[in-house]
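K.L.:
Quick note on numbering: the sequence shown equals residues 11 to 252 in the working numbering. The structure is given below, and queries will be raised subsequently.
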Amino acid sequence: MSKARLALAGGGPLVVLTGAGMSAESGVPTFREAQTGLWERYDPTALATPEAWRRDRDSVWAWYRWREHLIASAEPNAGHRAVARAASDREVVVVTQNVDDLHERAGSTEVHHVHGSLFAHRCDECGAGIEVPPPPAEPVARLAPPGCPRCDGRARPGVVWFGEMLPSRPWDAAVSAVSAASAVLVVGTSGLVHPAASLPGIAADGGIPVIEVNPGPSAFAREVTVHLRATAGQALPALLAP
Ligand code: APR
Numbered sequence: 011m012s013k014a015r016l017a018l019a020g021g022g023p024l025v026v027l028t029g030a031g032m033s034a035e036s037g038v039p040t041f042r043e044a045q046t047g048l049w050e051r052y053d054p055t056a057l058a059t060p061e062a063w064r065r066d067r068d069s070v071w072a073w074y075r076w077r078e079h080l081i082a083s084a085e086p087n088a089g090h091r092a093v094a095r096a097a098s099d100r101e102v103v104v105v106t107q108n109v110d111d112l113h114e115r116a117g118s119t120e121v122h123h124v125h126g127s128l129f130a131h132r133c134d135e136c137g138a139g140i141e142v143p144p145p146p147a148e149p150v151a152r153l154a155p156p157g158c159p160r161c162d163g164r165a166r167p168g169v170v171w172f173g174e175m176l177p178s179r180p181w182d183a184a185v186s187a188v189s190a191a192s193a194v195l196v197v198g199t200s201g202l203v204h205p206a207a208s209l210p211g212i213a214a215d216g217g218i219p220v221i222e223v224n225p226g227p228s229a230f231a232r233e234v235t236v237h238l239r240a241t242a243g244q245a246l247p248a249l250l251a252p
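Below you can see the structure in the form of structure tokens.
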């Protein structure tokens, strides 16, 4: 912990790169752990694809609406709150792969969602934003997405699926923030999904210290200056305390 605090010291701009593990202690299941209930037979990484959408739109929509319900009923955890609090002492830029809004609800104001947002529904044809009713409070196996008021398309989740391009605005902001950071804190990501997983390498190449918080293994090795084997909720309050 003291090595990690030393690497973070200095008060310059801090980038916090987060993945699904950041929200795990809020009760949001990560992508690569087994699912429970209605979805236990499904692989989330197979549902999050344009092919799955074309093949079985109603199942994919039902699954995403269930995640929306789960997230709306979840609360930010001690890790999210510690990241938000740290912004009172220094510039903190959050770059998240998460499609939830838990960083914002904890009080972080500069948050770049490189994989989109679960709550920004848009047309799968013309891309226009679409308002949708609240998600069902119980999981359902299939649900038809509402139609687009402008064209023949359907509402789709505003997230980035495997094989899709990242939205350029948050991605460009993420690369600039990492390049200008005095330290990068990487929390709860397996480091398997590119290009987000290349951000710690950009920092390391520029001589910027990279501190990783993850209770398990990840794909990061040479990029990481200090590794804390702890959960976000355990490590971040102490790590980011003034
Ligand atoms: N605190 C910190 N890290 C944790 C915790 C916790 N409480 N619990 C689990 N982890 C770690 C795991 O050890 C794992 O390394 O979080 C990581 C979660 O990995 P993934 O589920 O692969 O999530 P992520 O890296 O965000 O996935 C990247 O893949 O499916 C796509 O678009 C989706 O954004 C997602 C991307």
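Positions of the beta carbon are idealized from the N, C-alpha and C atoms, including for glycine.
Since leucine 16 is in the alpha helix (DSSP H), which residue starts that stretch and which ends it?
P.N.:
Residue 16 sits at position 6 when you count from the first residue of the sequence shown. Element bounds for leucine 16: 12-18.
K.L.:
Given this structure, state the Cα-to-Cα distance separating serine 228 from alanine 151, to the nearest angstrom.
P.N.:
Position 218 of the sequence shown, counted from the start, is the residue given in the question as residue 228. Position 141 of the sequence shown, counted from the start, is the residue given in the question as residue 151. Cα-Cα distance, rounded: 32 Å.
K.L.:
Is DSSP giving glutamate 78 helix, strand or coil here?
P.N.:
Walking along the sequence shown from the start, residue 78 turns up at place 68. Looking at glutamate 78 - three-state DSSP - the assignment turns out to be helix.
K.L.:
What do you get for serine 208, buried or exposed, if any count of 16 or more other CB atoms within 10 angstroms of its CB means buried?
P.N.:
Working through the sequence shown from its first residue, we reach residue 208 at position 198. With fewer than 16 Cβ atoms within 10 Å of its Cβ, serine 208 is classed as exposed.
K.L.:
Considering only C-alpha positions, which residue in the set Thr241, Phe129, Gly216 and Leu249 is nearest to alanine 190?
P.N.:
Your numbering for residue 190 matches position 180 in the sequence shown. Looking at the Cα atoms, Gly216 is the closest of the given residues.
K.L.:
If distances are taken between C-alpha atoms only, which option among Leu246, Ile218, Gly226 and Ala251 comes closest to threonine 235?
P.N.:
Looking up residue 235 in the sequence shown gives position 225. When only C-alpha atoms are compared, the closest one is Ile218.
K.L.:
Please classify alanine 116 as buried or exposed, where buried requires at least 16 other C-beta atoms within 10 Å of its C-beta.
P.N.:
Here residue 116 refers to the residue found at position 106 of the sequence shown. Under this definition alanine 116 is a buried residue.
K.L.:
Would you report the Cα separation of valine 196 and proline 143, rounded to the nearest angstrom?
P.N.:
Within the sequence shown, residue 196 is the residue found at index 186, counting from 1. Within the sequence shown, residue 143 is the residue found at index 133, counting from 1. C-alpha separation (whole angstroms): 35 Å.
K.L.:
Rank Ile212, Pro167 and Ala138 by C-alpha distance to the C-alpha of arginine 160 and give the top, closest one.
P.N.:
Here residue 160 corresponds to residue number 150 of the sequence shown, with the count starting at 1. The candidate whose alpha carbon is nearest that of arginine 160 is Ala138.
K.L.:
Alpha carbon to alpha carbon, how far is glycine 163 from valine 124?
P.N.:
Numbered from 1 along the sequence shown, position 153 holds the residue referred to as residue 163. Numbered from 1 along the sequence shown, position 114 holds the residue referred to as residue 124. Straight-line Cα distance between these residues: approximately 24 Å.
K.L.:
At what residue ranges does the region 83-160 contain a whole run of the alpha helix (DSSP H), taking only runs of 4 or more?
P.N.:
List check, alpha helix (DSSP H) in window: 88-96 and 112-116.
K.L.:
Mapping DSSP to helix, strand and coil, what is glutamate 174?
P.N.:
As a first step, residue 174 must be located in the sequence shown, where it is residue number 164. Glutamate 174: coil per DSSP, three-state reduction.
K.L.:
In this structure, how does DSSP classify valine 185 when only helix, strand and coil are distinguished?
P.N.:
Position 175 of the sequence shown, counted from the start, is the residue given in the question as residue 185. Three-state result, valine 185: helix.
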